[in-house]
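First the structure, in the form of structure tokens, and then the observations on it.
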Amino acid sequence: MTRYDFQNVAGKTRFDFQKLEAGETIVEEGTSCTRLYYLISGDIKVITQADDYGYQVEEDISAPESFQLERLFGLTQRFTHTYVAKNNCSIMSVSKQEIMKLSDEYEIFRINLLNLVCTQSQKNNRRLFRVPAKTLSERLIRFFESHSVRPAGEKIFHIKMTRLAEEMNVKRIYVSKALNELQSEGLIQLERGRIYIPALENLIKR
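Take 1 as the starting number for the sequence shown in the UniProt record's numbering and just add one per residue.
Here is the structure:
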């Protein structure tokens with residue numbers, strides 16, 4: 001896009017800006033995705049619930065970051081995460097209608113939009129063809145990774161040992177043993193109904 005294009009976009013497109021304080025909810029899971037949200041500054045907490053609400057994942061994401069762009073289109077146009085401000089944040093949003101106008105008028109915008117959506121789809125598809133985990137510890141790590149928005153950073157899994165054993169299809173005692181091994185290596189911290197992962201990237205590299 002040329003400088004004139006940027007000036008034209010800024011002059012014709014309606015961008016909404018918000019300032020949020022810690023604890024304020026930006027978007028709730030299940031909300032219809034009619035706007036593209038973009039985190040300009042600050043940190044947010046992303047909360048994801050299992051379909052039956054049997055467990056919950058919390059993770060932090062820092063600016064710059066967009067919120068589920070792929071949910072603007074397709075079969076299910078609703079957010080699957082809840083986004084909460086962790087500290088003072090600045091959010092920019094633009095309506096789906098405005099995005100459609102930009103896509104119609106600027107080819108480079110349309111190409112970038114397609115690239116972002118296609119990249120997300122390709123990453124999800126590749127997960128199905130990875131080499132199977134050989135040990136229970138590796139399967140647990142794969143579970144933590146696949147249930148995170150990003151494969152790095154701090155994560156908190158609110159999940160009971162019995163539910164995790166069901167997910168792994170093994171007895172609870174085996175899950176407990178594998179988790180305690182990971183804890184002894186300093187990769188996770190276990191609490192009642194809660195698994196804290198300081199840095200998921202370190203767990204994945206194990």
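Note that CB positions come from ideal geometry on N, CA and C, so glycine has one too.
Just so you know, these numbers come straight off a predicted model, no measurement behind them.
Residue i (DSSP reduced to helix, strand or coil)
i, result
"Ala85", "strand"
"Glu98", "helix"
"Arg71", "helix"
"Asp52", "coil"
Neighbourhood of residue i by C-beta, 8 Å cutoff - its chain only, sequence neighbours within 5 removed
i, result
"Val149", "Val46, Thr48, Glu59, Ile61 and His81"
"Ser121", "Glu70"
"Ile99", "Leu36, Leu72 and Leu113"
Host beta strand (DSSP E) of residue i (start-end)
i, result
"Val117", "It is not in any beta strand (DSSP E) - Val117 instead sits in the alpha helix (DSSP H) that spans Glu107 to Arg127."
"Phe157", "Lys155 to His158"
"Glu58", "Gln56 to Ser62"
"Gln49", "Asp43 to Gln49"
"Val27", "Thr25 to Val27"
"Gln18", "Asp16 to Leu20"
Residue i, enclosing alpha helix (DSSP H) - first and last residue
i, result
"Arg194", "Careful: Arg194 lies outside any alpha helix (DSSP H), inside the beta strand (DSSP E) at Arg194 to Ile197."
"Lys205", "Leu200 to Lys205"
"Leu136", "Leu136 to Ser146"
Own chain residues within Cβ distance below 7 Å of residue i, not counting five before or after
i, result
"Ala178", "Leu136, Ser137 and Leu140"
"Lys96", "Thr34, Arg35 and Leu72"
"Ile40", "Ala63, Pro64, Ser90, Ile91 and Met92"
"Tyr174", "Leu136"
"Ile204", "Ile141, Glu145 and Pro151"
"Thr31", "Arg78 and Phe79"
Neighbourhood of residue i by C-beta distance below 6 Å, restricted to the same chain and skipping five residues each side
i, result
"Gln56", "Gln49 and His158"
"Asn115", "none"
"Thr162", "Arg172"
"Ile156", "Glu58 and Tyr196"
"Gln18", "Ile91"
"Thr13", "Glu98"
"Gly54", "Arg163"
"Glu28", "Thr82"
"Tyr38", "Ser66 and Met92"
(message) At 3 residues or longer, what runs of the beta strand (DSSP E) sit wholly inside the region 160 to 193?
(response) 189 to 191
(message) Would you call the region 82 to 102 in contact with the region 15 to 32, where contact means no fewer than 3 C-beta pairs closer than 8 Å?
(response) yes
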